[in-house]
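Enquirer: Quick note on numbering: the numbering used here labels position 172 of the sequence shown as 782, and the sequence is numbered without any gaps.
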Amino acid sequence: MSMQSFFDRLFYRAKRHMDQCGLVSDVRAGRAVALVLISAFLVTGCSSTRLAYRYADWGIVWWVEDFVTLTQPQKQQLEADIDNLKQWHCSTELPRYRAWLNRLQSDLSSGNPNPAKVQSLQSQLMTFFPPLLQQITPTAISLLSSLSDEQVRELADNMTNKQRELEAEFLVGDPEAIAEARAERTTERAERWLGSLNGGHQTSITEWSDKRVGQTRIWLEGRRNWQKALLDALEKRNQRGFAETITELINNPEAARGDAYAEMMNRSMEAMALLVQILLLASQPSHLDHLARQASELRGDFKALTCQPGSEVASRVYE
């Protein structure tokens, strides 16, 4: 169960309720440039971060219910587990996000961040995801263990259908058309954080996208491999070792996705780090000011989110 997929579903569903706030939710197709510019909550404006975060307890329920029809006891248990997860995340992780945004703002205030600073920001950002995956693992194990044979078949069918939808959406057209669409999505995200792009930005994004030929197909193949591993595990959900298998699938998904996926991700991360550096170095003061304002707004949203107990302790530790 991918946390990226969870956030995709959360924001797609929340958008239907919050269109008036201009909530931007297309995370799945282009997390590229945004990776080092902002944390996992890729939203902007109208206090939408706060609104989306408060929808998060329903987000996982939505994601699961898109694939499996839950019984009432399963829903109640899942909601209780998500309440605990949300409390932990609010009190422990949000202060870390604010600290990261503080550092981003500080680096921007001194001008274009150099490559070493960008790499450091990216490395720190990537540390946010493992704790979240670890915390959600017991909830996933509990839910998956409770599935009936009928629910497992429903899950398999819906996963297959979703995979076909993604393949139809992202693999349509020749390589040039796919690269152009990828560049367009990346441009949209860059503009969200940097404002109107200049010619250097556009050229860099186009060159970066042209070099990613075959990446989407490998991603989808890796996704299919992981789902097969999950379904294989579910066939043995009443046997010893099931919890360990699910823990590995959630916390080390690359192992199930295959060597081609792991190699592609390593190359992609390096290319993305380089692209972000190039975009920032090509930025004018107005672009950096725009990014600083976006980071400040996001930090303000995170700071406005309060939770009890423990938020004050976490704040003292991280800020």
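Just so it is clear, CB atoms sit at the ideal spot from N, CA and C, and this is done for glycine as well.
For Gly-805 and Leu-901, what's the separation of their Cα atoms in angstroms?
Expert: Distance between the alpha carbons of Gly-805 and Leu-901 is about 8 Å.
Enquirer: Between the alpha carbons of Ala-839 and Leu-859, how many angstroms are there, rounded?
Expert: If I take the Cα positions, the gap works out to 8 Å.
Enquirer: Under 8 Å by Cβ, that's how I've got Trp-710 and Gln-734 pegged, so tell me the actual separation to the nearest angstrom.
Expert: Confirmed, Cβ separation roughly 6 Å.
Enquirer: Does the distance from the CB of His-811 to the CB of Ala-793 come in under 8 Å?
Expert: It is not a contact, given that the beta carbons lie outside the stated cut-off.
Enquirer: For the alpha helix (DSSP H) that Leu-891 lies in, which residues bound it at each end?
Expert: Leu-891 -> alpha helix (DSSP H) spans 869-891.
Enquirer: Say whether chain C places a C-beta atom closer than 8 Å to the C-beta of Thr-797.
Expert: Absent from the structure: chain C. Only one protein chain is present.
Enquirer: Could you please give the first and the last residue of the uninterrupted alpha helix (DSSP H) stretch that includes Arg-708?
Expert: Segment 704-719, the alpha helix (DSSP H) holding Arg-708.
Enquirer: On a CA-only basis, which of Leu-776, Ala-853 and Leu-885 is nearest Gln-732? Give me that one, please.
Expert: When only C-alpha atoms are compared, the closest one is Leu-885.
Enquirer: For Leu-704 and Asp-911, I'd like the C-alpha separation in whole angstroms.
Expert: Near 10 Å, if we compare the C-alpha coordinates of Asp-911 and Leu-704.
Enquirer: Beta-carbon within less than 7 Å of Gln-687's beta-carbon, same chain only, minus the 5 sequence neighbours each way: which residues are those?
Expert: So the list reads Ser-752, once near-sequence residues are dropped.
Enquirer: Pairing CB atoms from the stretch 759-776 with CB atoms from the stretch 829-847, are three or more of them under 8 Å?
Expert: As far as the Cβ criterion goes, the stretch 759-776 touches the stretch 829-847, which means the pair count is three or higher.
Enquirer: Enumerate in chain order the residues of its own chain whose CB-to-CB distance from Ala-905 is below 6 Å, with the five nearest sequence positions on each side excluded.
Expert: Excluding sequence neighbours, Ala-905 sits near Leu-711, Leu-714 and Gln-715.
Enquirer: Any idea what DSSP makes of Gln-745, helix, strand or coil?
Expert: In the structure shown, Gln-745 sits in a helix (DSSP, three-state: H, G or I).
Enquirer: Can you give me the Cβ contacts of Val-728 inside the same chain, cut-off strictly under 8 Å, excluding the 5 residues immediately before and after it?
Expert: Excluding residues within five positions, the ones whose Cβ falls inside 8 Å are Val-646, Ala-883, Val-886, Gln-887 and Leu-890.
Enquirer: Might you give, ordered along the chain, the residues of its own chain that have their beta carbon closer than 8 Å to the beta carbon of Asn-861, omitting 5 neighbours on each side?
Expert: Only Pro-740, Leu-743, Gln-744 and Thr-747 meet the Cβ criterion.
Enquirer: Less than 8 Å between the beta carbons of Ile-856 and Ala-750, yes or no?
Expert: Cβ distance < 8 Å, so Ile-856 and Ala-750 count as in contact.
Enquirer: Determine the closest residue to Val-678 out of Lys-696, Ser-720 and Lys-772, with distance taken between C-alpha atoms.
Expert: Nearest of Lys-696, Ser-720 and Lys-772 to Val-678, Cα basis: Lys-772.
Enquirer: Quick test of your reading: Met-874 and Ile-828, contact by CB under 8 Å. State the CB separation rounded to the nearest angstrom.
Expert: With 8 Å as the limit, Met-874 and Ile-828 qualify as a contact, their Cβ atoms being about 5 Å apart.
Enquirer: Is Ala-789 near Ser-819, with beta carbons less than 8 Å apart?
Expert: Yes, the Cβ-Cβ distance between Ala-789 and Ser-819 is below 8 Å.
Enquirer: Give every residue of the same chain whose Cβ lies closer than 7 Å to the Cβ of His-897, excluding the five residues on either side of it in the sequence, and list them in chain order.
Expert: Closer than 7 Å at the Cβ level, and outside the excluded window around His-897, lie Leu-804 and Gly-805.
Enquirer: Comparing alpha-carbon positions, which option in Asn-848, Asp-899, Glu-854 and Thr-737 lies nearest Gly-721?
Expert: Nearest C-alpha to Gly-721: Asp-899.
Enquirer: Grab me the residues of Leu-718's own chain with a C-beta within less than 7 Å of its C-beta, minus the 5 sequence neighbours each way, in chain order.
Expert: Taken in chain order, the residues that qualify are Leu-898, Leu-901 and Ala-902.
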